[in-house]
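Protein chains in written order, with the numbering used here: chain A, 2 to 330; chain B, 2 to 330; chain C, 2 to 330; chain D, 2 to 330. Think of the CB as a built atom: it goes at the ideal place given N, C-alpha and C, for glycine as much as any other residue. Structure first, commentary second.
Next comes the structure, spelled out in structure tokens:
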């Protein structure tokens, strides 16, 4: 039997409580920490065996503590993750782990030096539907991937600090970069801040990759359509992950362009079966937490999760620069 | 009773035949013209009272002829429209009427000098659903328009000369420019030519207008989704024109961002009724042809149709330059 | 300020726990009762201020107790409701309150004698969507109602005792009888017991009412379509309540048959706008519990809820007889 | 090379013109016949090589004529088919070929005596989607068929003579009987004549078959939903033919009830993949006409088409009796 991993969590807000519940089930929840007294007291009564504190130092100083979960406001992620790594803790940090690529590079460097796990919480990568998309691509069933695009639209939560790129796009970007498995050579964003100056409500992003693949994101919280969708156009088949569907999370269309031998140079199209494979009902958050705990036990290996998190921050940074450059002064 | 307008048509291909049928019903079809002998013979037997010829000069020389309909391949539009205007004919020319803004400016100039009608065939503007969108905007029902975007996607006809921007985008662009009624200050396009070098299959376009409104087009003939959709995000309501729907061509969502007085600076959202007004079943092509004939009878007025056609060509030219600039050498 | 109603609940199963939560919020939960020790203990720890017992007598003997909530297995509803009324308690009893019309008549008689509230838990009648349907009918907006039909289909929970008529149909039947507000003169059912002898998996019911209106129910737990839908065909408009929709729970179609004056005796059709009014998000269960507590405070009045519950049981009994008569011996 | 079949057609109405066009393409159209002068003249100019007459005798007397196509009003089908068979002609007769089972039996008897083809025009049986349903059943892929049901609803053409059973139900009934391949032991119909006395606008039919299978039809031309759908519930899988879908005419759901060995007697459910096989685009009418011409050339064989047509008329007759019996006097 394995000894349970001892985990402390800083940040007990609404998403933080989901993490708490999962870490409490899968590991030993040793500490909870928040500067908000009300939040701390309320969770302390829920998890009476965990020690509660407003001082992060208490957690960092606990030599028995294996790992720190960071679920605080975005602007503090980098700082807290750095402190935890310096204290020799494994770190699970909510996305995005940093707001600048240089910061994320520093964290990665630190994780390597200390041989600690650094895992950003890119939840969608643990969604069985997204994993099925990846599998369809990797197995070659879709043929060469040409284009991937995401639609994350809704009349939804309007943030006053993070724009639609950082609040919505981080989800789709993590999926796109994972599916394509390259870093973009071109990353352009366009958008508009309708409601609050400097906070874009609608953002369109275009990415071009070394292999020639392209990707696009349509992000908006001012939209009549509720969409959470990722489409992959392959040269042999096309696949769609639609998180608004109950039964057809994934649909594979046997549709493709087609160049008949007898008409060299002229392209036609081919349409065949449509298929929605059964996707397991597993909760992505449970799978994500489990993966982190497995890494803590097995060691960080090649730091793939952190490297990959760096790619996401780098792309976000470049898209943000493009967005700012495009905006009228 | 009005004397019927005497019309001659050059170009008898598949779309041309739809125009023929409509002009034959609503006007007097005096001439048909095509250099393809087979096409000419076949339509001559269908419209025995029209004179058939392979020589455009025959039409231009006929002083009784009021108007020329140009339905030939795109590359010839400008030249034929010019000859017709120079010969003093009114001109209906399929879209796009020219491939360069300078050419279209020349045509417009000529139409003004000769006081002749020059009308590009932007069919969608005569679609009752699109007219309803325009009406919803102009009446103020949607509130200030923030963003308009079009989706024209499908696994559809793959052209070997025109790219997706020119073959698909010309439709949505004509609608967007008409709805917003401004010329863009920024026009950027990104895309990729997957199947044939230099012919983009997938194109994304972003437009920014002087008033701050933005627009976007997602154009692709390599796509699993069949979409022909235009969405208007207003500050009070949102509206969608979906040409794939049978009964709900137009849907108005009483959804909007909302800034409660008591929480200054913090935006919430509001969701209300959803409404699909009945749209007349009128055939757009019939309405378009009728509008041209009305203009021929009443005179070109302020040349609004031609001016507007110039805006479309100008935007296409700018988007094409952007697309070329973005493409790797 | 009103004194809180003192409520005791018998039956602490999964649905019972939803009732518990709501009665605990809106009233004073004085007693909880179940013969299942495990269930009793678990809820006792959740509601420490309520007294817990396995003996219903304890509740019946408590003179301070105003009302009893019955959420036990169906076969016991009648017996428990009778005991509670005899003990002078108001009664909320889950649907169906009895399995025979004679039993329900007896309960109603008792409620009248003792002047106590007897309210069967027909939850759907408190659904804002169903209330909107009723309002559309009562306001005359749909015109004369011709036909109402329900679809309750799914590959869903397969019961081993209750058939699809009793387990699914009781919902739709309560809505149909409420909307039409008549008792049927004809009630016919057809179906088949595919999986377990005597327990019909698929049932079709036809009802004819004194006014000439008709109704139909398609009930099945062996079905590829997940449907929870009620359609009302009026002579002026048609309306649909679709509980699987997120945003369009109610849709009103301005569609109708139409008899032009000039073509006497020949019917045409008319199609107009489609409209989905915004429906409040209120939780039906909360509204239902509130209605019961209001009745307890104000008195049973004309016993409309119980009379109406009797109509449902009577129709179920007649449909069951028809189903049995139609089945091959 | 085969000699073309020589065909004559009586009845040149709107549906008749579709038959004309197809028989003209696939056979030699020798005669056209209608008592309506206008219709006769108009089609005569369209098919100048066919002889035109108002007298059926002309066709019956032509010894060179192989086959007669009957596309006249329903009430005349039986009489015209009988005359044609007596004259030794093969007969294609629109559905229903007769309005009473006794008449259809007589026609079948005659076809057997004269060794002539008698084929009723049950068009849906030649629809590639319906053929796919049949194939899914016959191959055993769906497992034992339990229930088949059809929905044919719309706000559609309101007939003044034929009710919804005869005008809409004849389509679904032909499919149901073909798929199940048994004659029903029970056939019950319920409905209502809202608009015109004696002409039911809404009809529900229930059928029970010797094997225990059941079927249902929901037929209405007063309905907000446009549905043309047939659902087959098998014990292993379920399949749907939906003629309103563009791309998913057929969908197979790998869903089923499931009895785990460890819980004998208790049924659960199983949900798996969803699959829409590609269906050929072949026009059903062309396939139907071709099948008739093949039979004319090869001989009537076991008269399967006619026998099967008799089953449809028999079921319609029984359902009509049930409908009349159920209607209040």
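Asked	Found
With 16 other Cβ atoms within 10 Å as the buried cut-off, status of residue 192 of chain C	buried
Chain-order list of residues whose beta-carbon lies under 7 Å from that of residue 161 of chain A (same chain, five-residue window excluded)	197 and 200
Distance between residue 98 of chain D and residue 90 of chain D (C-alpha atoms, nearest Å)	16 Å
Closest by C-alpha distance to residue 157 of chain A, when choosing among A:95, A:229 and A:141	A:229
DSSP three-state assignment for residue 330 of chain C, whether helix, strand or coil	With a pLDDT of 47 at residue 330 of chain C, under the threshold of 50, the modelled position of this residue cannot be trusted; read the value that follows with caution. In this structure, residue 330 of chain C counts as coil in the three-state DSSP scheme.
Contact under 8 Å by Cβ, residue 256 of chain C with residue 225 of chain D	yes
Within chain A, partners of residue 254 of chain B - CB distance below 7 Å	225
Neighbour flag for residue 235 of chain D against chain A, beta carbons, 8 Å	no
Coarse secondary structure for residue 61 of chain B, derived from DSSP in three states	helix
C-alpha distance - residue 330 of chain C paired with residue 190 of chain D, whole-angstrom precision	With a pLDDT of only 47 at residue 330 of chain C, under 50, the local geometry of the prediction cannot be trusted, and the value read off the model is given with reservation. Cα to Cα, the separation comes out at about 21 Å.
Selected residue, minimal CA-CA separation from residue 138 of chain C, among C:117, C:80 and C:178	C:178
Nearest neighbour of residue 128 of chain C, chosen from C:318, C:292 and C:308 [CA to CA]	C:292
Euclidean distance between Cα positions of residue 236 of chain B and residue 244 of chain B	24 Å
Per-residue burial, residue 238 of chain D [other beta carbons within 10 Å of its own, 16 or more giving buried]	buried
Close beta carbons around residue 297 of chain A, own chain, < 7 Å, minus the five adjacent residues each side	6, 67, 68, 91 and 118
Range covered by the alpha helix (DSSP H) that runs through residue 294 of chain B	285 to 299
Positions along the segment 274 to 301 of chain A whose CB lies within less than 7 Å of some CB in chain D	274, 275, 276, 277, 278 and 279
Burial state of residue 247 of chain B (16 or more Cβ within 10 Å)	exposed
Expected contact under 8 Å - CB spacing of residue 187 of chain D and residue 315 of chain D to nearest Å	Incorrect: roughly 13 Å between the Cβ atoms, too far for contact.
Residues that residue 272 of chain C contacts on chain B, provided the C-beta gap is smaller than 9 Å	248 and 279
Identity of the residues DSSP links to residue 95 of chain A by a beta bridge	A:122
Closer than 8 Å to chain E by CB, residue 108 of chain D	Note that chain E does not occur in the displayed structure, where the protein chains are A, B, C and D.
Exposure of residue 54 of chain C, with buried meaning 16 or more beta-carbon neighbours within 10 Å	buried
Spatial neighbours of residue 289 of chain A in its chain, beta-carbon cut-off 7 Å, leaving aside the 5 residues before and after	122, 124 and 127
Proximity to residue 313 of chain D [Cα-Cα], best of D:285, D:142, D:104 and D:134	D:104
Nearest to residue 13 of chain C (by Cα), restricted to the options C:38, C:4 and C:28	C:38
Per-residue DSSP class, three states only, for residue 13 of chain D	coil
Every unbroken alpha helix (DSSP H) inside the segment 192 to 248 of chain D [4 residues or more]	none
Contact with chain C by residue 161 of chain D, beta-carbon distance below 8 Å	yes
Rounded straight-line distance, which links the Cα of residue 94 of chain A to that of residue 15 of chain A	15 Å
Beta carbon proximity, residue 19 of chain C to chain B, threshold 8 Å	no
Where residue 251 of chain A falls: helix, strand or coil (DSSP)	strand
CB contact check: residue 258 of chain B to chain A, cutoff 8 Å	yes
Beta-ladder partner(s) of residue 151 of chain B, from DSSP	B:218 and B:231
Which of helix, strand or coil DSSP assigns to residue 47 of chain C	helix
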